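Before any comments, here is the structure.
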Amino acid sequence: MRRIRTVFSTVRISNPRWMVCSDCYPGMAGAFAPLKEICPDRATSELMELTAQLGGVMSYRQAANVLSKFLPVEPS
Numbered sequence: 001m002r003r004i005r006t007v008f009s010t011v012r013i014s015n016p017r018w019m020v021c022s023d024c025y026p027g028m029a030g031a032f033a034p035l036k037e038i039c040p041d042r043a044t045s046e047l048m049e050l051t052a053q054l055g056g057v058m059s060y061r062q063a064a065n066v067l068s069k070f071l072p073v074e075p076s
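This is how it looks when you write it as C-alpha cells:
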C-alpha cells in the first residue's frame, strides 16, 4: 500500500508492480509501478500546485499552516 496526499486527505492505494515481458520488450528487464509514474512525489498534482503557489507568496511555515487550516492534510 502506498500513501498519496491529496487536497481531500491522505489515501492508501494498492501499488502493484508489473513485470516487463522480456519476449515483448527485448533488452528491457525488471518491474515498474504505474502509480509511481502518475504520482512520483506521493502527492497529487493539485496539491503540489497549491503548495507551490502558496510557497511563492509566503514562507514555508506560513504556507504549511494555511494548508493545514483549510485542507485535511498534514505538512510534510
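For the sequence shown, the residue numbers in the numbering used here are 1 to 76.
Think of the CB as a built atom: it goes at the ideal place given N, C-alpha and C, for glycine as much as any other residue.
This structure is a prediction, so every number in the text was calculated from the model and none was measured.
Per the DSSP calculation, residue i is bridged to which residue(s)?
i	result
arginine 12	Arg3
methionine 19	Ala31
alanine 43	Arg5
Rounded to the nearest angstrom, what separates residue i and residue j at their Cα positions?
i	j	result
glutamine 53	cysteine 24	43 Å
glycine 56	leucine 67	14 Å
phenylalanine 8	serine 59	23 Å
Please classify residue i as buried or exposed, where buried requires at least 16 neighbouring CB atoms within 10 angstroms.
i	result
valine 11	exposed
valine 20	exposed
alanine 29	exposed
Touch check for the segment 29-37 and the segment 10-17: three-plus C-beta pairs under 8 Å? yes
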